[in-house]
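Here is the structure we will look at, set down as C-alpha coordinates.
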Amino acid sequence: MTSIIDVAKVAGVSKSTVSRLISGKGYVSADSQEKILKAMKELNYTPNYVARNLRAGATKTIGFLAPSYLGSLGIFLNRFISIAKKYNYSVTLFFTDGDQQKEIDALNQLKYKQLDGLFLLTRTNEWSVIEPYSAYGPLATWHRIDSPNIYSSYIDHYSGYYRSLEYLQQQGYQKIGHVLGNPENLNTHARKRAMKDFYENTQAPWQAEWLINDQYTNHSGRKIAHYWQQLTEKPEALAFYNDHVAAEFISELENLNYAVPRDVAVIGFDNSYVSELMHITTVDYAIQYQAENSFIYLYNQLNQTNIPEKKLTVRLVERRTVPKKDPADQSL
1 MTSIIDVAKV AGVSKSTVSR LISGKGYVSA DSQEKILKAM KELNYTPNYV ARNLRAGATK
61 TIGFLAPSYL GSLGIFLNRF ISIAKKYNYS VTLFFTDGDQ QKEIDALNQL KYKQLDGLFL
121 LTRTNEWSVI EPYSAYGPLA TWHRIDSPNI YSSYIDHYSG YYRSLEYLQQ QGYQKIGHVL
181 GNPENLNTHA RKRAMKDFYE NTQAPWQAEW LINDQYTNHS GRKIAHYWQQ LTEKPEALAF
241 YNDHVAAEFI SELENLNYAV PRDVAVIGFD NSYVSELMHI TTVDYAIQYQ AENSFIYLYN
301 QLNQTNIPEK KLTVRLVERR TVPKKDPADQ SL
(Lines of atoms letter the chains of each structure in order from A and count residues from 1; the text may use other names and numbers.)
(Lines give C-alpha, C1' and ligand atoms only; values in the text may rest on other atoms or scores of the structure.)
Protein backbone atom coordinates (compact mmCIF):
# COMPACT_ATOMS: atom_id res chain seq x y z
CA MET A 1 0.00 0.00 0.00
CA THR A 2 1.34 3.40 -0.98
CA SER A 3 2.21 5.69 1.95
CA ILE A 4 3.28 9.31 2.31
CA ILE A 5 6.87 8.01 2.60
CA ASP A 6 6.59 6.70 -0.98
CA VAL A 7 5.09 9.99 -2.12
CA ALA A 8 7.91 11.91 -0.42
CA LYS A 9 10.57 9.78 -2.15
CA VAL A 10 9.07 10.22 -5.62
CA ALA A 11 8.50 13.94 -5.07
CA GLY A 12 11.98 14.44 -3.63
CA VAL A 13 10.72 16.17 -0.49
CA SER A 14 10.53 15.27 3.19
CA LYS A 15 7.73 13.23 4.74
CA SER A 16 6.79 16.22 6.92
CA THR A 17 6.34 18.39 3.82
CA VAL A 18 3.88 15.87 2.35
CA SER A 19 2.10 15.71 5.69
CA ARG A 20 1.74 19.50 5.83
CA LEU A 21 0.22 19.60 2.35
CA ILE A 22 -2.29 16.85 3.12
CA SER A 23 -3.34 18.32 6.47
CA GLY A 24 -3.42 21.88 5.20
CA LYS A 25 -1.40 22.96 8.21
CA GLY A 26 1.91 24.71 7.70
CA TYR A 27 3.71 26.24 4.73
CA VAL A 28 4.49 24.30 1.55
CA SER A 29 6.07 26.10 -1.40
CA ALA A 30 4.32 26.15 -4.75
CA ASP A 31 7.16 24.14 -6.29
CA SER A 32 6.89 21.44 -3.61
CA GLN A 33 3.11 21.37 -3.91
CA GLU A 34 3.37 20.70 -7.63
CA LYS A 35 5.91 17.89 -7.09
CA ILE A 36 3.82 16.25 -4.35
CA LEU A 37 0.57 16.40 -6.31
CA LYS A 38 2.30 14.96 -9.37
CA ALA A 39 3.75 12.11 -7.26
CA MET A 40 0.35 11.40 -5.66
CA LYS A 41 -1.24 11.15 -9.08
CA GLU A 42 1.58 8.95 -10.39
CA LEU A 43 1.31 6.59 -7.41
CA ASN A 44 -2.50 6.73 -7.33
CA TYR A 45 -2.24 7.77 -3.70
CA THR A 46 -5.32 8.83 -1.72
CA PRO A 47 -4.70 10.65 1.58
CA ASN A 48 -5.76 8.68 4.63
CA TYR A 49 -8.57 10.98 5.72
CA VAL A 50 -9.95 8.20 7.89
CA ALA A 51 -6.94 8.13 10.19
CA ARG A 52 -6.57 11.90 10.22
CA ASN A 53 -10.15 12.62 11.16
CA LEU A 54 -10.35 9.75 13.63
CA ARG A 55 -7.48 11.40 15.48
CA ALA A 56 -9.41 14.67 15.42
CA GLY A 57 -12.53 12.90 16.72
CA ALA A 58 -15.11 14.25 14.24
CA THR A 59 -15.54 16.80 11.49
CA LYS A 60 -18.69 18.34 13.03
CA THR A 61 -19.98 18.53 9.45
CA ILE A 62 -23.12 17.01 7.92
CA GLY A 63 -23.47 16.55 4.17
CA PHE A 64 -26.73 17.59 2.49
CA LEU A 65 -27.41 16.05 -0.93
CA ALA A 66 -29.95 17.50 -3.38
CA PRO A 67 -30.34 17.18 -7.16
CA SER A 68 -30.75 20.95 -7.63
CA TYR A 69 -32.35 23.92 -5.96
CA LEU A 70 -35.90 22.57 -6.02
CA GLY A 71 -38.87 24.73 -5.09
CA SER A 72 -39.35 23.37 -1.57
CA LEU A 73 -35.63 22.96 -0.84
CA GLY A 74 -35.28 26.43 0.64
CA ILE A 75 -37.68 25.79 3.53
CA PHE A 76 -36.16 22.41 4.34
CA LEU A 77 -32.53 23.49 3.98
CA ASN A 78 -32.94 26.68 6.00
CA ARG A 79 -34.39 24.80 8.97
CA PHE A 80 -31.82 22.00 8.64
CA ILE A 81 -28.91 24.47 8.69
CA SER A 82 -30.49 26.48 11.50
CA ILE A 83 -30.90 23.49 13.81
CA ALA A 84 -27.43 22.20 12.88
CA LYS A 85 -25.92 25.56 13.84
CA LYS A 86 -27.74 25.39 17.18
CA TYR A 87 -25.87 22.15 17.92
CA ASN A 88 -22.53 23.49 16.61
CA TYR A 89 -22.53 21.55 13.34
CA SER A 90 -21.87 22.93 9.87
CA VAL A 91 -23.60 21.73 6.70
CA THR A 92 -21.93 21.05 3.34
CA LEU A 93 -24.34 21.22 0.40
CA PHE A 94 -23.89 18.93 -2.62
CA PHE A 95 -25.88 19.37 -5.86
CA THR A 96 -25.84 16.15 -7.89
CA ASP A 97 -27.80 17.34 -10.97
CA GLY A 98 -29.14 13.79 -11.14
CA ASP A 99 -25.60 12.43 -11.68
CA GLN A 100 -25.12 9.08 -9.93
CA GLN A 101 -21.35 9.50 -9.68
CA LYS A 102 -21.69 12.87 -7.94
CA GLU A 103 -23.88 11.17 -5.37
CA ILE A 104 -21.29 8.42 -4.88
CA ASP A 105 -18.56 11.06 -4.50
CA ALA A 106 -20.50 12.63 -1.64
CA LEU A 107 -21.12 9.24 -0.04
CA ASN A 108 -17.39 8.54 -0.26
CA GLN A 109 -16.75 11.67 1.77
CA LEU A 110 -18.73 9.98 4.52
CA LYS A 111 -16.70 6.81 4.02
CA TYR A 112 -13.40 8.67 4.32
CA LYS A 113 -14.58 10.57 7.41
CA GLN A 114 -14.70 13.94 5.71
CA LEU A 115 -18.33 14.08 6.88
CA ASP A 116 -19.90 12.79 10.08
CA GLY A 117 -23.31 12.06 8.58
CA LEU A 118 -25.27 12.58 5.38
CA PHE A 119 -28.79 13.67 4.48
CA LEU A 120 -30.24 12.87 1.04
CA LEU A 121 -33.13 15.07 -0.04
CA THR A 122 -33.65 12.80 -3.05
CA ARG A 123 -31.51 10.05 -4.54
CA THR A 124 -30.19 9.05 -7.96
CA ASN A 125 -28.68 5.64 -7.14
CA GLU A 126 -30.64 2.62 -5.97
CA TRP A 127 -31.04 2.23 -2.22
CA SER A 128 -29.08 -1.02 -2.47
CA VAL A 129 -26.08 1.09 -3.54
CA ILE A 130 -26.58 3.77 -0.88
CA GLU A 131 -27.48 1.67 2.15
CA PRO A 132 -24.03 0.04 2.69
CA TYR A 133 -22.59 3.51 3.36
CA SER A 134 -24.53 3.56 6.64
CA ALA A 135 -21.61 1.51 7.99
CA TYR A 136 -19.49 4.69 7.85
CA GLY A 137 -21.94 7.12 9.44
CA PRO A 138 -25.66 7.79 9.90
CA LEU A 139 -27.83 8.41 6.84
CA ALA A 140 -31.17 10.22 6.67
CA THR A 141 -33.48 11.04 3.78
CA TRP A 142 -36.66 12.89 2.85
CA HIS A 143 -37.58 9.92 0.67
CA ARG A 144 -40.16 7.54 2.01
CA ILE A 145 -38.21 4.35 2.68
CA ASP A 146 -38.56 1.55 5.20
CA SER A 147 -35.01 0.64 6.23
CA PRO A 148 -33.35 -0.12 9.59
CA ASN A 149 -30.20 1.63 8.34
CA ILE A 150 -31.57 4.85 6.82
CA TYR A 151 -33.79 7.26 8.72
CA SER A 152 -36.74 8.52 6.70
CA SER A 153 -38.31 11.85 7.63
CA TYR A 154 -41.67 11.84 5.93
CA ILE A 155 -45.33 12.31 6.63
CA ASP A 156 -47.94 10.05 5.09
CA HIS A 157 -49.21 11.81 1.96
CA TYR A 158 -52.35 9.68 1.86
CA SER A 159 -54.23 11.66 4.52
CA GLY A 160 -53.09 15.04 3.20
CA TYR A 161 -54.06 14.27 -0.38
CA TYR A 162 -57.39 12.72 0.56
CA ARG A 163 -58.15 15.84 2.59
CA SER A 164 -57.31 17.98 -0.48
CA LEU A 165 -59.79 16.09 -2.63
CA GLU A 166 -62.49 16.21 0.04
CA TYR A 167 -62.00 19.94 0.37
CA LEU A 168 -62.28 20.52 -3.38
CA GLN A 169 -65.54 18.59 -3.45
CA GLN A 170 -66.87 20.44 -0.40
CA GLN A 171 -66.13 23.70 -2.22
CA GLY A 172 -68.29 22.49 -5.12
CA TYR A 173 -65.70 21.08 -7.55
CA GLN A 174 -66.51 17.65 -8.99
CA LYS A 175 -64.22 17.38 -12.03
CA ILE A 176 -60.80 17.15 -10.40
CA GLY A 177 -57.47 16.76 -12.17
CA HIS A 178 -54.38 15.37 -10.47
CA VAL A 179 -50.75 16.38 -10.99
CA LEU A 180 -48.60 13.68 -9.40
CA GLY A 181 -44.83 13.32 -9.07
CA ASN A 182 -42.45 10.49 -9.91
CA PRO A 183 -44.56 7.32 -10.40
CA GLU A 184 -41.94 5.25 -8.54
CA ASN A 185 -42.02 7.48 -5.47
CA LEU A 186 -43.78 5.99 -2.44
CA ASN A 187 -45.50 9.32 -1.78
CA THR A 188 -47.00 9.11 -5.27
CA HIS A 189 -48.21 5.61 -4.46
CA ALA A 190 -49.87 6.98 -1.31
CA ARG A 191 -51.59 9.71 -3.33
CA LYS A 192 -52.86 7.16 -5.84
CA ARG A 193 -54.34 5.12 -3.00
CA ALA A 194 -56.05 8.26 -1.75
CA MET A 195 -57.43 8.90 -5.25
CA LYS A 196 -58.72 5.34 -5.53
CA ASP A 197 -60.50 5.52 -2.19
CA PHE A 198 -61.87 8.99 -2.91
CA TYR A 199 -63.48 7.94 -6.19
CA GLU A 200 -64.84 4.73 -4.70
CA ASN A 201 -66.37 6.67 -1.82
CA THR A 202 -67.76 9.63 -3.78
CA GLN A 203 -68.47 8.39 -7.31
CA ALA A 204 -67.06 11.69 -8.59
CA PRO A 205 -66.55 11.95 -12.38
CA TRP A 206 -63.20 10.79 -13.68
CA GLN A 207 -61.25 10.80 -16.94
CA ALA A 208 -57.81 9.31 -17.56
CA GLU A 209 -56.70 12.58 -19.21
CA TRP A 210 -57.09 14.32 -15.87
CA LEU A 211 -54.17 12.41 -14.36
CA ILE A 212 -50.78 13.99 -15.10
CA ASN A 213 -47.52 12.34 -14.05
CA ASP A 214 -44.87 15.03 -13.73
CA GLN A 215 -41.13 14.31 -13.37
CA TYR A 216 -40.44 17.84 -12.07
CA THR A 217 -38.43 18.90 -15.09
CA ASN A 218 -37.67 22.52 -15.96
CA HIS A 219 -40.83 24.55 -16.44
CA SER A 220 -43.08 21.54 -15.85
CA GLY A 221 -45.82 23.81 -14.50
CA ARG A 222 -45.83 25.73 -17.78
CA LYS A 223 -46.11 22.51 -19.77
CA ILE A 224 -49.05 21.41 -17.63
CA ALA A 225 -50.80 24.73 -18.34
CA HIS A 226 -50.55 24.08 -22.08
CA TYR A 227 -51.74 20.50 -21.57
CA TRP A 228 -54.76 21.70 -19.61
CA GLN A 229 -55.54 24.29 -22.29
CA GLN A 230 -55.76 21.70 -25.08
CA LEU A 231 -58.06 19.31 -23.20
CA THR A 232 -61.51 19.06 -24.76
CA GLU A 233 -63.16 18.53 -21.40
CA LYS A 234 -61.14 20.34 -18.78
CA PRO A 235 -61.10 19.52 -15.07
CA GLU A 236 -62.53 22.40 -13.04
CA ALA A 237 -59.89 21.98 -10.32
CA LEU A 238 -56.33 20.67 -10.18
CA ALA A 239 -54.58 19.16 -7.15
CA PHE A 240 -50.78 19.53 -7.37
CA TYR A 241 -48.08 17.54 -5.60
CA ASN A 242 -46.12 20.68 -4.74
CA ASP A 243 -46.56 24.44 -4.63
CA HIS A 244 -43.75 25.29 -7.03
CA VAL A 245 -45.31 23.46 -9.97
CA ALA A 246 -48.73 24.87 -9.04
CA ALA A 247 -47.30 28.41 -9.07
CA GLU A 248 -45.72 27.91 -12.51
CA PHE A 249 -49.04 26.58 -13.79
CA ILE A 250 -50.91 29.64 -12.50
CA SER A 251 -48.37 32.03 -13.98
CA GLU A 252 -48.42 30.40 -17.41
CA LEU A 253 -52.23 30.29 -17.50
CA GLU A 254 -52.24 34.08 -17.33
CA ASN A 255 -50.05 34.15 -20.45
CA LEU A 256 -52.67 31.95 -22.13
CA ASN A 257 -55.47 34.38 -21.14
CA TYR A 258 -56.90 32.14 -18.45
CA ALA A 259 -57.05 32.85 -14.74
CA VAL A 260 -57.11 31.00 -11.42
CA PRO A 261 -59.60 30.54 -9.87
CA ARG A 262 -61.94 31.95 -12.55
CA ASP A 263 -61.22 29.18 -15.06
CA VAL A 264 -59.77 26.46 -12.84
CA ALA A 265 -59.25 26.08 -9.10
CA VAL A 266 -55.83 25.05 -7.78
CA ILE A 267 -54.66 23.43 -4.57
CA GLY A 268 -50.96 22.91 -3.85
CA PHE A 269 -48.96 20.84 -1.40
CA ASP A 270 -46.07 22.18 0.77
CA ASN A 271 -47.22 25.50 2.21
CA SER A 272 -44.01 26.98 0.86
CA TYR A 273 -43.24 30.69 0.64
CA VAL A 274 -44.37 30.78 -3.00
CA SER A 275 -47.84 29.56 -2.00
CA GLU A 276 -48.11 32.37 0.55
CA LEU A 277 -46.85 34.90 -1.99
CA MET A 278 -49.35 33.79 -4.65
CA HIS A 279 -52.22 33.11 -2.23
CA ILE A 280 -52.40 29.42 -3.19
CA THR A 281 -54.60 27.15 -1.11
CA THR A 282 -52.34 24.31 -0.05
CA VAL A 283 -51.54 21.54 2.41
CA ASP A 284 -48.96 22.11 5.12
CA TYR A 285 -47.17 18.88 5.98
CA ALA A 286 -44.63 20.26 8.43
CA ILE A 287 -41.57 20.55 6.17
CA GLN A 288 -39.67 22.48 8.85
CA TYR A 289 -40.21 19.76 11.43
CA GLN A 290 -39.25 17.06 8.94
CA ALA A 291 -35.95 18.90 8.43
CA GLU A 292 -35.46 19.31 12.16
CA ASN A 293 -36.20 15.65 12.86
CA SER A 294 -33.71 14.59 10.19
CA PHE A 295 -30.89 16.52 11.81
CA ILE A 296 -31.88 15.42 15.32
CA TYR A 297 -31.71 11.78 14.20
CA LEU A 298 -28.20 12.28 12.81
CA TYR A 299 -27.14 14.15 15.95
CA ASN A 300 -28.53 11.47 18.26
CA GLN A 301 -26.71 8.76 16.33
CA LEU A 302 -23.41 10.63 16.39
CA ASN A 303 -23.55 11.70 20.03
CA GLN A 304 -25.43 8.83 21.69
CA THR A 305 -28.14 11.24 22.83
CA ASN A 306 -31.91 10.87 22.83
CA ILE A 307 -33.30 14.29 21.90
CA PRO A 308 -37.03 13.85 21.11
CA GLU A 309 -38.34 14.47 17.61
CA LYS A 310 -41.19 16.82 16.71
CA LYS A 311 -44.65 15.44 16.06
CA LEU A 312 -45.65 15.76 12.39
CA THR A 313 -49.20 16.80 11.48
CA VAL A 314 -51.01 17.75 8.26
CA ARG A 315 -53.24 20.81 7.95
CA LEU A 316 -55.14 22.52 5.16
CA VAL A 317 -54.24 26.18 4.52
CA GLU A 318 -57.12 28.05 2.86
CA ARG A 319 -56.21 30.99 0.64
CA ARG A 320 -57.68 32.31 -2.64
CA THR A 321 -57.30 29.64 -5.33
CA VAL A 322 -60.21 27.40 -4.24
CA PRO A 323 -63.19 29.68 -3.58
CA LYS A 324 -66.62 28.26 -2.82
CA LYS A 325 -68.18 27.46 -6.18
CA ASP A 326 -71.62 28.88 -6.91
CA PRO A 327 -73.81 25.96 -8.09
CA ALA A 328 -75.35 28.32 -10.65
CA ASP A 329 -71.93 29.33 -12.01
CA GLN A 330 -71.26 27.44 -15.23
CA SER A 331 -67.92 29.13 -15.98
CA LEU A 332 -65.98 26.18 -14.54
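Just so you know, the sequence shown maps onto residues 1 to 332 in the UniProt record's numbering.
We put the CB at the ideal spot given by N, CA and C, even for glycine.
Source: prediction; values computed, not measured.
- Taking 4 residues as the shortest admissible run, the stretch 168 to 252 contains the following complete alpha helix (DSSP H) segments, listed from N- to C-terminal end: 186 to 202 and 220 to 230.
- Under the criterion of beta carbons closer than 8 angstroms, Y297 and A140 qualify as touching, at roughly 5 angstroms.
- Under the DSSP assignment, F80 falls outside any beta strand (DSSP E), being part of the alpha helix (DSSP H) whose first and last residues are L73 to K86.
- In this structure, Q171 places its C-beta atom within 9 angstroms of the C-beta atom of K324.
- Check the Cα spacing between N255 and each of E236, A225 and I81: the tightest is with A225.
- Under the DSSP assignment, S32 falls in the alpha helix (DSSP H) whose first and last residues are A30 to L43.
- Around the beta-carbon of Q109, 16 or more other beta-carbon atoms lie within 10 Å, marking it buried.
- Between D214 and G181, the beta carbon gap of about 6 angstroms places them in contact (Cβ cut-off 8 angstroms).
- Here R315 is bridged, per DSSP, to D284.
- Considering only Y162, Y241 and E318, the residue with the shortest C-alpha distance to E276 is E318.
- By the criterion of a C-beta distance shorter than 7 angstroms, I5 is surrounded in its chain by K15, once the five residues flanking it on both sides are discounted.
- Collapsing the DSSP output to three states places A66 in a strand.
- Annotation for V283: G160, Y161, R163, S164, I267, G268, F269, D270, N271, V314, R315, L316 and V317 place their beta carbon closer than 8 angstroms to its own, counting only its chain and skipping 5 residues before and after.
- Each residue's CA atom was taken as its position, placing R193 and V7 some 60 angstroms apart.
- Within the model, the alpha-carbon separation for L186 versus Y45 is close to 42 angstroms.
- Collapsing the DSSP output to three states places Y89 in coil.
- In the structure shown, A265 adopts extended strand secondary structure according to DSSP, grouped into three states.
- Counting only unbroken stretches of 3 or more residues, the beta strand (DSSP E) elements lying wholly within the stretch 117 to 166 are 117 to 120, 139 to 141 and 150 to 152, in sequence order.
- DSSP places T17 in the helix class (H, G or I) of the three-state scheme.
- Under a 10 Å Cβ-count criterion, I150 is classified as buried, with 16 or more other Cβ atoms of the shown protein chains found around its own Cβ.
- Of the candidates N88, G177, A135 and A84, G177 places its Cα closest to the Cα of Y241.
- For Y273, the enclosing alpha helix (DSSP H) begins and ends at Y273 to L277.
- Comparing alpha-carbon positions, the option among L168, I104 and L211 lying closest to T188 turns out to be L211.
- Taking C-beta separations shorter than 8 angstroms and ignoring five residues to either side along the sequence, the partners of I145 in its chain run W127, S152 and L186, following chain order.
- Per DSSP, the unbroken alpha helix (DSSP H) holding V10 starts and ends at I4 to A11.
- In this chain, the alpha helix (DSSP H) harbouring A106 covers Q100 to K111.
- Beta-bridge partners of T61 (DSSP): S90.
- A direct Cα-to-Cα measurement between A39 and F295 gives close to 40 angstroms.
- The bridge partners DSSP lists for F295 come to none.
- Taking the Cα of L115 as reference, the smallest distance to any Cα among G221, I62, T202 and T122 is reached at I62.
- Taking the Cβ atoms as the reference, G221 lies roughly 24 angstroms from A204, outside the contact range of under 8 angstroms.
- A265 is positioned such that its CB atom lies closer than 9 angstroms to that of E236.
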